[in-house]
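For the sequence shown, the residue numbers in UniProt numbering are 1 to 415.
Some notes on the structure that comes next.
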Amino acid sequence: MGVDIRLVEQSDEDLTRWWRARSIGYLSGTQVGEQDLAYLREAMDPSRTWGAFEDGRCVATFRGFTQEVTVPGGRFLASAVVSGVTVSPTHRRRGLLTRMIEPYLRRAKESGDAMSSLIAAEYPIYGRFGYGPATWLTDFRIDTLRAARPGLPAEPDDGGRVVLADLERIGREGPELHERVRRIRHGMVTRPPTWWKRATGEYRLTESVWQEPYCALYLAQDGTVDGLVAYTGREVWKNGVPDSVLDVKDLLAATPAAERALWHYLCSVDWVTTINAPSRAPDDLLPLLVGDARAVTPTACSDHLWLRPLDVPAMLTARSYQAEGAVVLDVQDKDGLASGRFLLEAGPDGASCVPTGRTPDLTLPAAALGSLYLGDESAVRLAALGRLAEERPGAAFAADTLLRTSRRPWCPDIF
Ligand SMILES: CC(C)(COP(=O)(O)OP(=O)(O)OC[C@H]1O[C@@H](n2cnc3c(N)ncnc32)[C@H](O)[C@@H]1OP(=O)(O)O)[C@@H](O)C(=O)NCCC(=O)NCCS
1 MGVDIRLVEQ
11 SDEDLTRWWR
21 ARSIGYLSGT
31 QVGEQDLAYL
41 REAMDPSRTW
51 GAFEDGRCVA
61 TFRGFTQEVT
71 VPGGRFLASA
81 VVSGVTVSPT
91 HRRRGLLTRM
101 IEPYLRRAKE
111 SGDAMSSLIA
121 AEYPIYGRFG
131 YGPATWLTDF
141 RIDTLRAARP
151 GLPAEPDDGG
161 RVVLADLERI
171 GREGPELHER
181 VRRIRHGMVT
191 RPPTWWKRAT
201 GEYRLTESVW
211 QEPYCALYLA
221 QDGTVDGLVA
231 YTGREVWKNG
241 VPDSVLDVKD
251 LLAATPAAER
261 ALWHYLCSVD
271 WVTTINAPSR
281 APDDLLPLLV
291 GDARAVTPTA
301 CSDHLWLRPL
311 DVPAMLTARS
321 YQAEGAVVLD
331 VQDKDGLASG
341 RFLLEAGPDG
351 ASCVPTGRTP
361 DLTLPAAALG
371 SLYLGDESAV
381 RLAALGRLAE
391 ERPGAAFAAD
401 TLLRTSRRPW
411 CPDIF
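The following block contains the structure:
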């Protein structure tokens, strides 16, 4: 009997089968609770949520929706998300993912989406579908005793203040703050209402153990909420002295003053000797904000947001450029979605990108353009790896001058 790929119905029965299949793929349990279904109903786009069914059982899942990605310069570009991808162990490597993602990308292209985005559970899965890693994350561990040397101010000295906040206030103030922060940091993505409902415990899914976080806000001198932190704590004692640990869940700052004040606040919580701060930008200010930068150790570094170009001119004209210049890109795409030769003429005041018959400067696969797009990857590096070809000496260096950004892109969210 064949495997039938179809849209998931809104009935409890279909949603339960879909969620259970997803949990089997993610090894996150087989229980499906009422909260899971309520969350799924709110989060899913019924016109873009598919399941693969065989003998009445769901054996593969796939969820699409639209998110905005902040591109260099601060504009938001709509992107077709790939999420909730699983294939049950009984059906792996039979082409089910391919059968779901290829038509999805074709439809996204037809409906005018400039690109597609996802977070890859494993590095080797999505390159073949034209995606390249575009942002990276660093996990930091802070030794707070060392961080405090030669002495951190316990309170902001800029007229602002840090106040504790309950989850109700975070649910109210957080989304607006996030909107401000994502305008100034490329790589960030939309946080839908369901993201905040999970963060504040309104939805408690069976796949994760809920622990209510402590939360604090940074208020600027005029009372504006410029920063937010959510963290959990673990009480630990060693040889009669406190050795407790904080785990940062979220830290957003709209200004450097807020960022400084919130890290100083965390580093001065009594009893705490270790802070785990995962999912920060690789160029986070944190190490240089504390008294001794060596108190902040990177413990992990991993690729995070992957991009797949669909409309090259739309992507390249949406972002800004720090330098003036021109480059001819020959984009090669085995699926034909982003192929073409394009002349990009760009500068701080804007860019044009049009099809051209000129000799290319660089020939590159769509996945390489996905990696270069937010300014994090280097064309010189990709040339050295043989992942793009320089058709003219120095073309990769010239492309980097145009495309790279002074701050690295950052996307802390899982979606
Ligand atoms: C990753 C996953 C969805 C792949 O589904 P699938 O139906 O087995 O994939 P396909 O059969 O369409 O594979 C297409 C190609 O990708 C390769 N591929 C698929 N998953 C891969 C992986 N994890 N690592 C390396 N290659 C992989 C296949 O070998 C195949 O290559 P081929 O065309 O050269 O033979 C599935 O293994 C799974 O559910 N894993 C656990 C959950 C997970 O990681 N989900 C992804 C979340 S982002």
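Idealized CB from N, CA, C, for every residue including glycine.
Considering Cα atoms alone, identify which of Leu262, Leu310, Arg146 is closest to alanine 293.
Comparing Cα positions, the closest option is Arg146.
Does ligand 1 have even one heavy atom less than 6 Å from the beta-carbon of alanine 121?
Residue side-chain check: alanine 121 places its Cβ nearer than 6 Å to a non-hydrogen atom of ligand 1.
Buried versus exposed call for proline 393 [16 or more other C-beta atoms within 10 Å across all chains shown]: Around the beta carbon of proline 393, fewer than 16 other beta carbons lie within 10 angstroms, which makes this residue exposed.
For valine 81, tell me which candidate among Pro242, Tyr214, Ala108, Arg128 has the shortest Cα-Cα distance. Residue nearest to valine 81 within the set Pro242, Tyr214, Ala108, Arg128 is Ala108 (criterion: CA-CA distance).
- request: Return yes when the C-beta of arginine 92 is under 6 Å from any heavy atom of ligand 1, and no when it is not.
  value: Set against 6 Å, the gap from the CB of arginine 92 to the closest heavy atom of ligand 1 is smaller.
Check your understanding: Between the stretch 164 to 176 and the stretch 1 to 17, are three or more C-beta pairs nearer than 8 Å?
Key -> Pairwise C-beta distances place the stretch 164 to 176 out of contact with the stretch 1 to 17, as fewer than three of them are shorter than 8 Å.
| message | Nearest by alpha-carbon distance to aspartate 333: which of Ala351, Leu388, Gln322 is it? | response | Taking the Cα of aspartate 333 as reference, the smallest distance to any Cα among Ala351, Leu388, Gln322 is reached at Leu388.
Exercise. For the beta strand (DSSP E) that alanine 52 lies in, which residues bound it at each end?
Worked result: Per DSSP, alanine 52 belongs to the beta strand (DSSP E) from 49 to 54.
Report the CB separation of tyrosine 131 from leucine 307 in whole angstroms; it is logged as a contact under 8 Å. Leucine 307 and tyrosine 131 do touch by the CB rule: their CB atoms are close to 7 Å apart, below 8 Å.
- In the DSSP assignment, find the alpha helix (DSSP H) that holds tyrosine 104 and state where it starts and stops. Counting along the chain, the alpha helix (DSSP H) containing tyrosine 104 begins and ends at 96 to 110.
If I follow the unbroken beta strand (DSSP E) through aspartate 113, where does it start and stop? For aspartate 113, there is no enclosing beta strand (DSSP E), as DSSP marks it with neither H nor E.
What is the residue span of the alpha helix (DSSP H) that cysteine 267 lies within? Its alpha helix (DSSP H) spans residues 256 to 267.
DSSP state of arginine 381 mapped onto helix, strand, coil
Helix.
Practice problem: Examine ligand 1 and report whether any of its heavy atoms sits within less than 6 Å of the Cβ of valine 87. | Solution: Checking every heavy atom of ligand 1 against the Cβ of valine 87, one is found closer than 6 Å.
Query raised in the report: Cβ atoms of glycine 227 and alanine 199: under 7 Å apart, would you say?
Result: No, these two residues do not count as a Cβ contact at 7 Å.
**Asked** Do the CB positions of tyrosine 39 and tyrosine 203 come within less than 7 Å of each other?
**Response** Closer than 7 Å, so yes.
8 Å CB neighbourhood of arginine 41 in its chain, flanking five on each side removed: Hits under 8 Å: Gln10, Leu15.
Neighbourhood of phenylalanine 397 by C-beta, 8 Å cutoff - its chain only, sequence neighbours within 5 removed: Excluding positions up to five away in sequence, the list reads Ala379, Val380.
*asked:* Quick check on this structure: which residue in Ala220, Val327, Asp4, Gly375 has the alpha carbon closest to the alpha carbon of arginine 185?
replied: Of Ala220, Val327, Asp4, Gly375, the residue nearest in Cα terms is Gly375.
Identified DSSP bridge partners for asparagine 276: BP columns for asparagine 276 point to Arg141, Asp247.
Worksheet item: Mind checking if proline 72 is an interface residue toward chain B, Cβ cutoff 7 Å exclusive?
Response: Reference to chain B is not applicable here, since this structure consists of a single protein chain.
Problem - Own chain partners of leucine 217 with C-beta closer than 6 Å, once the 5 adjacent residues on each side are dropped - result: Val163, Ala165, Val225, Leu228.
Checklist entry - Is leucine 286 helix, strand or coil when you go by DSSP? => result Under the three-state reduction of DSSP output, leucine 286 falls in the helix class.
| request: Using three-state DSSP, classify glycine 227 as helix, strand or coil. | output: In the structure shown, the three-state DSSP call for glycine 227 is strand.
Discussion item. One question on the structure: do aspartate 413 and valine 85 come within less than 7 Å of each other, judged by their Cβ atoms?
Written reply: No, Cβ-Cβ distance for aspartate 413 and valine 85 is not below 7 Å.
- Item | Integer Cβ distance of isoleucine 275 from valine 236, believed to fall under 8 Å | With a beta-carbon spacing of about 13 Å, isoleucine 275 and valine 236 fall beyond the 8 Å limit used to define contacts.
- Item | Cross-strand partners of glycine 2 (DSSP beta bridge) | In the DSSP output, where bridge partners are listed per residue, glycine 2 has none listed.
Note to self: Count Cβ pairs between the stretch 321 to 333 and the stretch 131 to 145 that sit closer than 8 Å; are there 3 or more?
What the structure shows: The stretch 321 to 333, when compared against the stretch 131 to 145, does not touch it at the 8 Å Cβ threshold.
Could you pull out every unbroken beta strand (DSSP E) segment of at least 3 residues lying fully inside the stretch 153 to 211, listed in chain order? Listed in chain order, they are 161 to 165.
Sort out for me which residues DSSP pairs serine 83 with in a bridge. Note: serine 83 sits in a beta bridge opposite Arg63.
Backbone CA spacing between serine 352 and glycine 340 [nearest angstrom] = One C-alpha to the other measures close to 15 Å.
query: Counting only runs that start and end within the stretch 333 to 397, where is the alpha helix (DSSP H) found for 4 or more residues in a row?
result: List check, alpha helix (DSSP H) in window: 366 to 372, 379 to 384.
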